[in-house]
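For the record, the sequence lines run as chains B and F.
If you're matching positions, the first sequence starts at 1 in the numbering used here and goes up one per residue.
If you're matching positions, the second sequence starts at 417 in the numbering used here and goes up one per residue.
Ideal Cβ positions, reconstructed from N, Cα and C, are used throughout, including at glycine.
As the structure is a prediction and not an experimental result, all values here were calculated from the model.
Protein chains: 2
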Amino acid sequence: MKATQLFTHSTKEIPSDETSKNAQLLLRAGFISKEMAGVYAYLPLGLRVIEKIKAIVREEMNAIDGQEIIMTSLQQKELWEKTDRWDDEKVDIWFKSALKNGTEVGFGWSHEEQITNMMRNFVHSYKDLPQSMYQFQTKLRNELRAKSGIMRGREFVMKDMYTYAHSDEEHQKIYDKVTQAYLKIFDRLGVGDKTYLTYASGGAFTEFSHEFQTITDAGEDIVYLDESKKLAINEEVYNDEIISRLSLNKKTLKKVKTAEVGNIFSFGTAKSKQLDLKFTNKEGKEEYVVLGSYGIGITRLMGVIVELFSDEKGMVWPESIAPYKVYLAQLGQDKVVLDAAKRLYDILIKNNVEVFWDDRDARPGEKFSDADLYGFPYRIVISQNTTKANEYEVKRRDQQEANNLTIDELLNLLAR
Amino acid sequence: MKATQLFTHSTKEIPSDETSKNAQLLLRAGFISKEMAGVYAYLPLGLRVIEKIKAIVREEMNAIDGQEIIMTSLQQKELWEKTDRWDDEKVDIWFKSALKNGTEVGFGWSHEEQITNMMRNFVHSYKDLPQSMYQFQTKLRNELRAKSGIMRGREFVMKDMYTYAHSDEEHQKIYDKVTQAYLKIFDRLGVGDKTYLTYASGGAFTEFSHEFQTITDAGEDIVYLDESKKLAINEEVYNDEIISRLSLNKKTLKKVKTAEVGNIFSFGTAKSKQLDLKFTNKEGKEEYVVLGSYGIGITRLMGVIVELFSDEKGMVWPESIAPYKVYLAQLGQDKVVLDAAKRLYDILIKNNVEVFWDDRDARPGEKFSDADLYGFPYRIVISQNTTKANEYEVKRRDQQEANNLTIDELLNLLAR
Chain B
1 MKATQLFTHS TKEIPSDETS KNAQLLLRAG FISKEMAGVY AYLPLGLRVI EKIKAIVREE
61 MNAIDGQEII MTSLQQKELW EKTDRWDDEK VDIWFKSALK NGTEVGFGWS HEEQITNMMR
121 NFVHSYKDLP QSMYQFQTKL RNELRAKSGI MRGREFVMKD MYTYAHSDEE HQKIYDKVTQ
181 AYLKIFDRLG VGDKTYLTYA SGGAFTEFSH EFQTITDAGE DIVYLDESKK LAINEEVYND
241 EIISRLSLNK KTLKKVKTAE VGNIFSFGTA KSKQLDLKFT NKEGKEEYVV LGSYGIGITR
301 LMGVIVELFS DEKGMVWPES IAPYKVYLAQ LGQDKVVLDA AKRLYDILIK NNVEVFWDDR
361 DARPGEKFSD ADLYGFPYRI VISQNTTKAN EYEVKRRDQQ EANNLTIDEL LNLLAR
Chain F
417 MKATQLFTHS TKEIPSDETS KNAQLLLRAG FISKEMAGVY AYLPLGLRVI EKIKAIVREE
477 MNAIDGQEII MTSLQQKELW EKTDRWDDEK VDIWFKSALK NGTEVGFGWS HEEQITNMMR
537 NFVHSYKDLP QSMYQFQTKL RNELRAKSGI MRGREFVMKD MYTYAHSDEE HQKIYDKVTQ
597 AYLKIFDRLG VGDKTYLTYA SGGAFTEFSH EFQTITDAGE DIVYLDESKK LAINEEVYND
657 EIISRLSLNK KTLKKVKTAE VGNIFSFGTA KSKQLDLKFT NKEGKEEYVV LGSYGIGITR
717 LMGVIVELFS DEKGMVWPES IAPYKVYLAQ LGQDKVVLDA AKRLYDILIK NNVEVFWDDR
777 DARPGEKFSD ADLYGFPYRI VISQNTTKAN EYEVKRRDQQ EANNLTIDEL LNLLAR
């Protein structure tokens, strides 16, 4: 992609009510556009990040036999009445509207009810189990306040998976498999070492649920973590009993601020009972299906990653999800320099290196500042000097020093 | 994918209120699930079709410099008031709700207002033009009636593109380029010969707009078409004047029922004036941007394709968007036969042939009937006889006759 073909550009003017660092940087770089508090559109560079995060999550969900589907935003009131979650007193984040005939409808903030109800068409016998299905869904939640940028939106993308098992043992196996898949995902996204499997409240259904909490001051949660065991306890369930149950030592636990980037949850048979999802077991008797639910906030993760990996100059994307790997900039509009840039641009594309060419007729300072703001892993500068030396100036976004490389050295570095 | 791993299966029980052929077949095959009238979830096989249609559309939009983005469902009232389309008297398909503080919000049924408003941040000079951006958006429309299955939904996926030009001439060039891209898309989707560029009403903004209308009795439109010139006139603007202007002959025009699968529309500068989108021209003077809008109904197209390509036994997918290319079925559970099926399954995957293996322990009749219902282009049967002969029985879904092929002949046929 060339900068002169991209409709977005960096800007210093951002909405005055935008207080979060992630949204400020993403808006300045033209990765997102603000519709209203907590509601953001994703522009070409931002959408590329989202799609790369989704691709990684999709790979890991498929690897544990997840089947991708897409449920609907419009939801029936009746289902949620059965589980007593339609009333605004019970769930205070509903967006609701009505069909022309007056029938009330809700806009999906979660999808367990829908999917579990649908599964009544597909689960009859123990042979139909276990099953795991997931979706990337745009969730709508009528949050009272929305001031954490894309980390807590009124409209956001979530990967939610639901699993159906015929017994607690089978469910536990799946639950453990998803836990491992989640840890792998956070590793691949570059936040693995800052993300902790965390014991949290299980609500009405189980004693505990598990969250994946990433250390960042931009988060809204407090956890107590054990760095060596890579375990944490959410303050909401933090007490001596759980500390001893997890064989942790109170003295070595660190209290930190975190953002929840994923959660996994056992419903047992509670939800299946409410929605009447049964199967016939090997003995021919009816039993209720054991249900699990597993979320990863896709857009939230993007926000957390911006918060974690940024400096005073801008964003610093992990290579696995950077919009482009290389920010290529030629200095000046000299034909020799422009030709050299064009040549390298073509070579990189041919070698499957994702490259963004800042081909604008702009001052070097402007290009350097955008390169830092956008935060692609490598910056390559082509000037009269580098052209004469038949070299390329290469700098990693997360390092200070630049190096001059030959084309072979450069391709060796990038085309992996 | 193996049938025993897929959570969906075919069924004869479909909602009694479902009158459209496309939804009946898709529900019977487990490609979709009905939430309410006009609101359908897409299950694994159905989602694969959607994603393949999107991939083709994306390729063609990128080829004409379209830049992919994703706008939001939640929309501000203020914007739509500026263009006088907020009032339910003016637009009767709004879903509306309210934020916690009482602020009314709308759910996106269209996105011209949003995108045009956003472009005010990015378009300042003639150098910033032209630009084309598109999205695949889930649109929400509060339709009074919804009885055409996925052809007219209350929730559906649309590809909408918006183009911004500095002059009518530049706009016309883009408009023509999009027209050609659309024709190419419909060709690639297998509906090219039944899809006509159609003159239709231009509404308040221009004399005419263009629609892409596909001949099907399931459609809701009437057009008069000239088969040799591959042009049509929507009955809403059909009169002697336009017939002569298009150099058509009234006597050779055929009146047919069609479904609108795409439309392209020139707004001129009307929308830019309402939303104050200006640029500075070469002479330093301010002008309004010329706007075009271009839609393709992704889920609607899927429905139209089911309507067009189906017979009494089920669906018949064009190869370009079939969920899988091959429906592989072994007859019986004999070890020799199962092994042969497993071997072929692995070979096909290794050769990048998308294969669905009906590995169930089920009667042959059940497998044949599902193969016909699902409508993948090729059915391969492995039986004791074919195994003995070291051959594979291959039948195209759109042909009656089956042939026995060797593995080389088979791969030659499929691995293209």
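For a Cβ distance threshold of 8 Å, nothing in chain B lies close to E676/F: the least Cβ distance comes to about 22 Å. Per DSSP, the unbroken alpha helix (DSSP H) holding T116/B starts and ends at E112 to M119. Proximity of chain F to D65/B at the Cβ level (cut-off 7 Å) is accounted for by Q421, in chain order. Ranked by how close their Cα comes to the Cα of L43/B, the residues W80/B, R28/B, Y164/B and I56/B have R28/B in first place. Listed along chain B, the residues sitting closer than 7 Å to F511/F by beta-carbon distance are S97. Every alpha helix (DSSP H) of 4 residues or more that sits fully in the segment 673-746 of chain F is shown, in chain order, as 686-691 and 714-724. The distance from the Cβ of F265/B to that of H166/B is about 19 Å, inconsistent with a contact at the 8 Å cut-off. The Cβ-Cβ distance between K670/F and E643/F falls below 9 Å. Residues of the segment 142-164 of chain B with a C-beta less than 7 Å from any C-beta of chain F: N142, L144, R154 and E155, listed in chain order.
The residue among K543/F, T532/F and S564/F with its C-alpha nearest the C-alpha of M549/F is T532/F. The criterion of a C-beta distance shorter than 9 Å is satisfied by L744/F and D774/F. For I407/B, the closest of K21/B, Y392/B and K2/B by C-alpha to C-alpha distance is Y392/B. Every alpha helix (DSSP H) of 4 residues or more that sits fully in the segment 448-517 of chain F is shown, in chain order, as 460-479 and 493-498. When Y740/F, K758/F, N801/F and R776/F are compared, the shortest CA-CA separation from E467/F is found for Y740/F.
Remark: C-beta atoms of I70/B and L463/F approach each other more closely than 9 Å.
The Cβ atoms of L225/B and V123/B do not sit closer than 9 Å to each other.
Taking C-beta separations shorter than 8 Å and ignoring five residues to either side along the sequence, the partners of L140/B in its chain run S73, F95, F107, G108, W109, R154 and E155, following chain order.
With a 10 Å radius around the Cβ and a threshold of 16 neighbouring Cβ atoms, P130/B comes out buried.
When DSSP states are grouped into helix, strand and coil, R245/B belongs to the helix group. For the pair I150/B and L26/B, the CB atoms are nearer than the 9 Å cut-off. For M577/F, the closest C-alpha among the options V521/F, Q491/F, L707/F and Y612/F is that of L707/F. Burial of T611/F is indicated by the presence of at least 16 other C-beta atoms within 10 angstroms of its C-beta. Using a Cβ distance threshold of 9 Å, S513/F and V507/F do not count as a contacting pair. Residues of the same chain with a CB within less than 6 Å of the CB of L764/F, apart from the 5 flanking positions on each side, are V771 in chain order. Between V326/B and I296/B a beta carbon distance of about 28 Å is seen, past the 8 Å cut, so the two are scored as non-contacting.
Around Y42/B, the beta-carbon contacts reaching into chain F at under 7 Å are I485 and I486. Chain-order list of chain B residues neighbouring N478/F: empty, with the shortest C-beta distance near 10 Å, by a criterion of under 9 Å. It is roughly 30 Å from the alpha-carbon of Y345/B to the alpha-carbon of Y598/F.
Contact annotation: T216/B and T258/B have beta-carbon atoms nearer than 9 Å.
In this structure, DSSP gives F772/F an extended state, which the three-state scheme calls strand. Within the same chain, and ignoring the five residues on either side of T668/F in sequence, the residues whose Cβ sits closer than 7 Å to its Cβ are D642. Judged by DSSP in its simplified three-state form, A232/B adopts strand. Between H582/F and chain B, the shortest Cβ-Cβ separation is not below 9 Å. The continuous stretches of beta strand (DSSP E) do not include I407/B, which lies in the alpha helix (DSSP H) extending over residues I407 to L414.
DSSP lists E155/B as the bridge partner or partners of L140/B. For A757/F, the secondary structure class from DSSP, reduced to helix, strand or coil, is helix.
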